[in-house]
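In full-length UniProt numbering, the protein residues as written are 1 to 573.
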């Protein structure tokens, strides 16, 4: 077989052709928008290798990172030269790969073998199905679930879950971690936290490694400055295998933010250390109380020193704290937004409409607290017809019955946006939606207008939350502040808003029409509800020409995101 393959293609080295599971020619397409090409593919253990005709390189796909491998009906762009009517879709972190084999049986055989390779996880950490960041999928899903549903729960990680549920979940994760559905209706936060602890406890080689056990315990007992201790721990952690290192970073970061809410969950650093020390540092013949105390102290240090040990930027810490604050508000509120699924899978779910709010096509997307709008665009890009590169897409927030719209910046946290609706009046939020659509207006009109920080000034119509009617005022946007004045000379300031303290939408409520070509409506973050004295959704400004509209829009977006961060990077796949 090796000689046959080498006679047909020169793409692969002898090392590859001498040891493989399956090999074949096929038609192959990289990403949703590229063309079909003739290629040879080889399955070698848990890696898919392919060489496209005319290319001088071999590409590798680590199937451990494939979210799904399925057979689907071949699309119309496929060359009509094979007997198979199906193709294989491999969804992996950087793209989607399509393979079309010579026949139906061969297509099914390839799909089966690749699926087995992807899900055939061994006992070691390196054998697990992995995320883009090389973190085991089980760890990622459990951490996100506990963060969303257990951060405020008293005794999280101390209380045990149902043994039946824990065993069931562990079996499902072993079968295919990507397909596990962590429903809040089926599993409690304590079930999932116990699964995470059991997973680490059962590893043949502990997360913090047998080799480092003695050194970490000795470091914990050292009487030295914090800076010296950080340097000692850091030098030890850097000796871990790469997957162990990134997993330790993920887990310690999670536990760091759990202990920050100890006033709610009663889990201090010491409490978490006593639980996780023996779990992450279990070593044969070292089960004595003395060793257990040293392990607990070592892990307590890793949690409390997390920001310094892993060079965590203050911006990242602030972002996580903000998400924790959003979750705390969510848990404190009796109001649950209707757009969030009552049966969350993985974390929480939200419906995303394709094209427009009136579209019959919508998909339920899992949200964890850190999922960004750009990631949702990447996830759903292949669902559009025709398929569209994710960098040409955006998520649009549609509120007030469709009167107001706002494009979410690609780095904006989607869960934060949806949870914020829970504090609005029922009439304002009941029909809210998120829509996946083209970002053509930003790409073709707004982005080319981005220059150095811009100041814009001109007469606009204005109505505040108390008034239905509009009046003309002089408005100015300068130094990231929107201001308006009583007179055209700008001598009497009537009001001002910092751009980072407001959220602005395109459009106005139908019941108060400024009779202009365009309008923006803006509200303070954490919007106040309507009242008898302030019956309108927000403040509205309006103008007459589209040229003015885009000048104001460009200036405000520039102030928020800077010259180089309006749009995501081009998706070449």
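Using N, Cα and C, we set each Cβ at its ideal position, and we do this for glycine too. As the structure is a computational prediction, the values presented were derived from the model and not from experiment.
With a cutoff of 8 Å on beta-carbon distance, residue 363 and residue 302 are scored as not near each other.
Separation of the CB atoms of residue 357 and residue 402 is rounded to 6 Å, and the pair is thereby assigned contact status at 8 Å. Spanning the alpha carbons of residue 224 and residue 218 requires a straight line of approximately 12 Å.
Beta-bridge analysis with DSSP links residue 484 to 475, 495. When DSSP reads this structure, residue 540 sits in a beta bridge with 463, 521.
Check the Cα spacing between residue 326 and each of 245, 276, 293, 414: the tightest is with 414.
The residues 93, in chain order, have a CB closer than 6 Å to that of residue 132 in the same chain once the five nearest residues on each side in sequence are set aside. Inclusion of residue 190 and residue 159 in the CB contact set at 8 Å is warranted, their separation being smaller than that value. The DSSP-derived three-state label of residue 100 is strand. With a minimum length of 3 residues, there is no unbroken run of beta strand (DSSP E) contained wholly in the region 242–325. Sorting 276, 487, 536, 489 by C-alpha distance to the C-alpha of residue 509 places 536 at the top. Per DSSP, the unbroken beta strand (DSSP E) holding residue 405 starts and ends at 404–407. Runs of the beta strand (DSSP E) lying entirely within the region 89–138 and spanning at least 3 residues, in chain order: 95–100.
Residue 45 counts as exposed, since fewer than 16 other beta carbons sit within 10 angstroms of its beta carbon.
For residue 445, the three-state secondary structure derived from DSSP is helix. With a beta-carbon spacing of about 10 Å, residue 269 and residue 296 fall beyond the 8 Å limit used to define contacts. Annotation for residue 52: the continuous beta strand (DSSP E) segment containing it runs 47–52. Rounded to whole angstroms, the separation of the alpha carbons of residue 151 and residue 144 is 10 Å. Per DSSP, the continuous beta strand (DSSP E) segment holding residue 393 begins and ends at 393–399.
For residue 59, the uninterrupted beta strand (DSSP E) run begins and ends at 59–62, by DSSP. Residues 566, 567 of the same chain have their beta carbon placed closer than 7 Å to that of residue 447, with the five preceding and five following residues left out of the count. Using a 10 angstroms sphere on the CB of residue 272, the tally of other CB atoms reaches 16 or more, which defines it as buried. Cβ-Cβ distances below 7 Å link residue 140 to 131 in the same chain, with the five nearest sequence neighbours on each side left out; the list follows chain order. Looking from the CA of residue 25, the closest CA among 107, 72, 34 belongs to 107.
The C-alpha of residue 305 is placed about 52 Å away from the C-alpha of residue 458. The three-state secondary structure of residue 151, taken from DSSP, is coil.
In this structure, residue 427 lies away from residue 505, with their beta-carbon atoms at least 8 Å apart. Exposed is the label assigned to residue 493, since fewer than 16 other Cβ atoms lie within 10 Å of its Cβ. Assignment of residue 39 by DSSP, reduced to helix, strand and coil, places it in the strand class. Scanning 43, 22, 117, 30 for the CA closest to the CA of residue 64 turns up 117. Take the alpha-carbon of residue 455 and the one of residue 354: they are about 36 Å apart.
For residue 551, the enclosing alpha helix (DSSP H) has its first and last residue at 546–561. Per DSSP, the beta bridge partners of residue 69 are 90. Burial state of residue 569 is exposed, judged by a 10 Å Cβ sphere holding fewer than 16 other Cβ atoms. In terms of Cα proximity to residue 40, the closest of 32, 56, 477 is 56.
Residue burial is scored here from C-beta neighbours: residue 53 has fewer than 16 other C-beta atoms within 10 angstroms and is therefore classed as exposed.
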